[in-house]
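**Student:**
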Amino acid sequence: MNSKHFYYLMLILILIFFSSGIVLAQDNIPKVNKSCLTCHQREGFSTKHDGKEISLTVDPAVLADSVHKNNPCTTCHMNIQG
């Protein structure tokens, strides 16, 4: 095997390695958020704070298209209990 073939093979192996990690990470994150979205995707889900009603509804389609799509809800919302 010449060096050109070796470098192509290494590049392919590296790409496979990193892409499989991305796929695995994406598979795990929705499972974490799925528990939160069970309630939070319901229209009208809310709470009251200082006498004002605060919407807690999260649109899953908007979440999936946002910068937060790869973050588990519990990264920021650590002390929340359902």
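Residues -6 to 75 in my numbering are what the sequence shown lists, from first letter to last.
Note that CB positions come from ideal geometry on N, CA and C, so glycine has one too.
Bear in mind that the values here come from a model prediction, so they are computed numbers and not experimental data.
(1) State the DSSP-derived secondary structure class of S59, mapped to helix, strand or coil.
(2) Our contact map puts P53 next to L30 with C-beta atoms below 8 Å; I'd like the distance itself, whole angstroms only.
(3) Alpha carbon to alpha carbon, how far is Q47 from I9?
**Tutor:** Inspection of the coordinates gives the following:
(1) Here the question's residue 59 lines up with position 66 in the sequence shown. When DSSP states are grouped into helix, strand and coil, S59 belongs to the coil group.
(2) Within the sequence shown, residue 53 is the residue found at index 60, counting from 1. Within the sequence shown, residue 30 is the residue found at index 37, counting from 1. Indeed they touch by this definition, with Cβ atoms about 6 Å apart.
(3) Stepping through the sequence shown from its first residue, residue 47 is reached at position 54. Stepping through the sequence shown from its first residue, residue 9 is reached at position 16. The residue asked about is misnamed: residue 47 is Ile in this sequence, not Gln. A direct Cα-Cα distance of roughly 45 Å separates I47 from I9.
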